[in-house]
Structure formats: structure tokens, C-alpha cells
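First the structure, in the form of C-alpha cells, and then the observations on it.
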Amino acid sequence: MRQGAARRAVIYALLALWALISLFPIYWTLTTSFKTAVDVTQGHLVPWLDFEPDWRGWRSLGLSPDRIGEVSTARQEFLLRFANSITASVGAALLAIFIGAPAAYGLSRFKYKLGPWRNDDISFFFLSQLILPPVVLALPFLVLYKGLAMLDTKIGLIVVYTLMVLPIVIWILRDQFNAIPIELEQAAHVDGASTWGAFLRIVLPIASPGIVAAFILSVVLCWNEYFFAALLTSTDAKTLPVMLASQTGSQGIDWWSMAALATAAIAPLVLIGIFLERYIVKGLTAGAIK
Amino acid sequence: MEQLVRMTPRGVSRARQAAGRWLIAGSSSLFAAVVLVQALHTTEILGLGFDNWRPALYAFVLWCIALGVGLVMTRGERGHQLLFLLPALLFTVAVVIFPTFFGLYIAFTDWNLSSVAGRRFNGLDNIRTLLGDAFFWNALGNMVWYVLSVLVQYAIAFGLALLLNAEIRARRFFRVAFLLPFMLSPVAVSWMIGKSIMEYRFGPAATLARLLGWDSPAFFASPWLARSSITAMDAWVWIPFIMILLLAGLQALPHEVSEAAKVDGASPWQTFWKITFPLMLPVSLTAVVLRIIFELKLADIVINVTAGGPGGATDTVSSFIYREYRDRSNVGYGTMLAEFYLVIIIVFVTGLLALANRVMRRFT
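Protein chains in written order, with the numbering used here: chain Y, 113 to 402; chain S, 647 to 1010.
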């Protein structure tokens, strides 16, 4: 019994250690956004105990309580980037599901033959897009978008991001559709439903957990994307990571405003992580476990 | 997988078929005509044309729609089935094939955006420069280090998955806490950890290091230390990804096996190596291969924390090419580097998959 207790103690100690490693940077960023210069240089860590929280960081973003009523260019800039990030990531996730879900369903249910390509080859073609590094596409896209007058547009970002998450969406949803018994659709067909009718009215509702998982994972991946956004956008369609990166470069210990910006940028993700964790896990593990 | 076959295929009349064929042919010629006019306009052979290629894009979208409708009209039920696949397929082909081939063309040109000369075909010059570019080979060498670090991440992730799979309280809390780093954007992590926690003067990591007796904790000054710091940050973000996959694998393992081993008096250590680890091999291989594929794209953290320094010690191929584009506007050469890297990746990943298959067959 004593050995068991010792073992449990070790397990909890390791768990606590890794929880500290995982959470400390988030805690640090959040608290630093309420610090002043003295608190930063002296390395204070715990609010109220060893430093008095101050709104300075949030004030520089125009998001502190005393500035929220006033007009603030910093806040407008931030909200514009925030809105761009939402448009680009939600738009891309929706588009990827809109075209990816039928494709995944088709690959799961019908037999295709496009020249020498069968279902498995087509699935592999989609999946193989995952290994394309962004650098290979970045420059041709720059030239292509210039020709199409789509540089620095949100729709341009949505197209690139859709390409980025489409393989993942198809992968997750094919797995989901494979798990749905085919008899359901056969019964629907006997009742006179068309192929599309059965897909839209019967299969899609059952597959909604997989769709939600694919959607959330896509939004997270697009929200965090930096490489394409940095190269393809400049003023209008710039997203939050690009704004964050451009501020990171500036030196000095203006940490409180950087911390406030970083906190605001990661807050939606932390909330998604806390409340929608099971969908993220479902999305990540689709097809990996047989 | 059983295939779905409709009992009563819808018939298609002759007239409908003919109309469908006309639709496809008509929209194809329209698309071709728009592209031709615009191409002639761009090369200044033809006076009339559009300001940009946008109309060609609209013609392409129109062609895609017409193709879908036409297929349904000519092939009936079969066309409907193709319609499921068509949007995703056309989208991917359009946005991947064009850039890849166009990229191949750019790769053989001397094209610097900041010079007035414009694009000029220069044959194999870019390849010659590449072969002699010490910085590129250095970045490629760093990739070996970064890819090998995946094995360390895997070991840590396996340990964490085992911990989470043990009988513990507050499992959900720990699972969410361990997952969170994966959710954060690498750019945010670059500042949160690289630029602030590991900052030389006031960062808590530096303070801790001083407390432990290291006088000058400069995490990004010496080459190997800088590389290790970048690797640590990258691991911090990605370990949860491997951990989630392994945890799902552990939870799918049959309970009876490890119970039986316990009854037989096997130590936990033996149970792990003789039973858990071999059973987990398929999941492990999936996780490691996926992770290596993502690792090959590593760029954001490097770009934002060290910009490849000191002296290229932390450069990844992607961050190196990024600077080639961004700072030197060296478009032709940068694209050649990217295409060359793509070839290396394809060869490497193909080999990796073959190896993984081999290992799987040997052990299962």
C-alpha cells in the first residue's frame, strides 16, 4: 500500500509539473498585461500580492475601462485585425466544409474511376496536399493574386486557408461517414429520396459531431496561420498574427501592451480549448485509431 | 467499404445528353477565349482586354458550374455522384496545380522584385547558386536536428499520455491544461516565451537560471543554445498534438491484456515494453509521421524569435526562403530553393512512409 501511495504521489507531482509548464506562459502573459515598468523589471509574479494590477497595457489598446467609451485608433486597428482573423478563419472553415463534406461522402459511398485513379488514389491526392510546405505555394500565389487583383483581400486569404485545411476536413469527415451504416441511405432511397436528398437530410445531421470537430479544428488552424498572411496581405486584410508579429519586432520593455495584445489574440483560442476540447480531440484523432 | 448503389438509376434522354455536351463545350470555349484574349492582351499583342485576370477567374468558375450541370445532364445518376467530388477536386487542382507549375517556371528565371530588369530566363544558374549556397545547406542541416527532436517530443508525449491514462482525479482539468499550448498561435508563443519569458534581463526563465547559478542566461546567444531554445518552444506547442493521439490509442487498448500481465506478476516496466508499447506501435507511427510532416514546415517561431540567427544556427529551410523573399525580394532564386526543398520532402516522406509500413508489418 505504501508503494502505491508513493507511486500516486509521483504521478501527481509529474502532472502538476507539466500543468505548470503548460499554463505558466499563459498566466505570465495575462498578468504581465496588468503590470507597470517596475513590476516587469523586478520580476513580480502574483497580482495583488507583489504588484498592484494596472490597466496600462489595456489602455494602450484602448480596451481599458476608462478608455472604452472614447474613440481610440489603437482599438480600431485591433478590432479590424480581429475581425479580419474571424472572417478569414470562419470563412475558410465554412468553405472547406461546404466543398469537403460532399467529397468525403462521395469517397466514402461511391466508386469513382477518373482515368487510372480510384477512390484510394483520390483520397491520397487530397491528403498529400498536407506535405506541401507553404513556401512552395507562397510566391506563385503572390504572382497569381497580383494578376487576379486579389492581393491583400480577405477572399484571397480564405482561398489559401481553404486549401490548407481541406485535406484535414476530408480526412475527418470521411472517417465520420464511414462510421455511419449504409442501410440508412438505402432505406431512404427505397422511400424515394434522391442521392443528394439522402445525403443532406439523413447523413449530414448524423455526422454533425464530425462536422463540428472539423469546423473547430479548421478555425483554430486558420486563426493561427502566419506565413501566408504575412506575404499576401499588407494593409486591408492583415490578420491578428501579422499585427502581433509586427509589434514583436519593436524592442524596449513595453511589455504590458504587448502582453495585452497577445492576451487578446489568444483569448478566443483558450476559450475554445476549455469549452470545446472534446471536439478538438475528436478532430485530431479521426482516422488515427482503428 | 460497401458501396452505395441506387436501385433505380434515372434515365437520361438523348436530347438532354446532347444539351449537356453543348453546355460543357460552350463553357469550355468561353473560358479558353477569355484566357486567350487576356494572354494576348498581357503580352501586348492585342489592344483589347481587361485590366487584370479577374474575368478569367469568373470564366473558370462559370466553367466549373457548367461542367457540373453538364455532367448531370449527360450521365444522370453517375453525374450526380461525380458532383459530390467535383467541387473539392476542381478547387484543389486549380489552386495547387497552377502555382506548382508556375513556380517551376519562376524557379528557372532571374527575377528580383527590387531590380528594374524584370523577369529573365537564366536556365540552370539558380541550381548552380543553390548548390554553392552554404546558408541553404546549413538550414537543411538544421532541419535534420529539428526532425530528430520529434523523437524527444514523442517520448515526452508518451509519458504524458500514460500519466493521463492512469487513474487520476481531475483528469479533464489536466487534459485541457496539457492541450492548451497546441491551441495558441506560434506567433503569440514567439512573444510570450521567446521574447518575454526567455528574455535576457527580466524574463522569469532567465531569473530562474540565475538563481540556479547560471550567470548569463542568454538563451539565444550561442548557436546550439539558440537552436535548443527554439526546439523547446516548438516542442511546447506540438507535444499536446502527439499526446492526444497517443492518449486516444491508449484508451482504445483492451484492458484485459494489461490486467492479465499484472496477474502473471509482470512489473509495470515489463508490461509497458512487452505489451503496451508494441500494441501502440501503429498509433505511434501515425503520430510521429504526421508530426515530422508538420515539423518540415516549421517557420513562424524562427522568423519571429531569432530570424534565423545567430549566424543561421536556428534557420529552417522555410524561414530562410521567407527572408529571401521578404528582405532580398529574390523571387526566382527563392522559388528554386522552395521547389528543391519540395523534392527533398517528397523523397523523404515517401521513404518515411515505406519505412513505417515495413516496421508495421514486422511487428504486427
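Backbone N, C-alpha and C define an ideal beta-carbon position, used for all residues, glycine too.
- For Y391 of chain Y, not one C-beta of chain S is nearer than 9 Å to its own C-beta.
- Within chain Y, S134 have C-beta atoms less than 7 Å from the C-beta of P827 of chain S, given in sequence order.
- Considered as a whole, the segment 216-251 of chain Y harbours no complete run of any beta strand (DSSP E) with no fewer than 3 residues.
- Residues of chain Y with a Cβ closer than 7 Å to the Cβ of D946 of chain S are, in chain order, Y338, F339.
- The continuous stretches of alpha helix (DSSP H) do not include M262 of chain Y, and DSSP gives it neither H nor E.
- Contact of F887 of chain S with chain Y by beta-carbon distance below 7 Å involves L396.
- When secondary structure is reduced to three states using DSSP, R847 of chain S falls in the coil class, being assigned neither helix nor strand.
- In the three-state reduction of the DSSP assignment, F677 of chain S falls in the helix class.
- Taking 9 Å as the CB threshold, V272 of chain Y lines the interface with chain S.
- At a cut-off of 9 Å, the C-beta of V277 of chain Y has no neighbouring C-beta in chain S.
- At a cut-off of 9 Å between C-beta atoms, I386 of chain Y counts as an interface residue with respect to chain S.
- Between W308 of chain Y and H726 of chain S, the beta carbon gap of about 7 Å places them in contact (Cβ cut-off 8 Å).
- The C-alpha of R1008 of chain S is placed about 47 Å away from the C-alpha of G722 of chain S.
- Chain-ordered, the chain Y residues with CB closer than 8 Å to the CB of F737 of chain S read I211, T274, L275, L278.
- Assignment of D946 of chain S by DSSP, reduced to helix, strand and coil, places it in the helix class.
- Per DSSP, reduced to three states, the secondary structure at D756 of chain S is strand.
- At a cut-off of 9 Å, the C-beta of I814 of chain S has a neighbouring C-beta in chain Y.
- Taking 9 Å as the threshold, the shortest C-beta distance from M838 of chain S to chain Y falls below it.
- Taking CB atoms only, L942 of chain S has a neighbour in chain Y less than 9 Å away.
- Pairing F866 of chain S with T952 of chain S gives a Cβ-Cβ distance under 9 Å.
- In this structure, the CA atom of S358 of chain Y is about 15 Å from the CA atom of N336 of chain Y.
- Residue contact with chain Y for Y968 of chain S: present (Cβ-Cβ distance below 9 Å to some residue of chain Y).
- The residue from Y:T144, Y:L173, Y:G259 with its alpha-carbon nearest to that of P165 of chain Y is Y:T144.
- Closer than 9 Å to the CB of R662 of chain S there is not a single CB belonging to chain Y.
- Restricting attention to Y:S134, Y:L396, Y:I282, the CA atom closest to the CA of F237 of chain Y is found in Y:I282.
- The Cβ-Cβ distance between P745 of chain S and L126 of chain Y does not fall below 9 Å.
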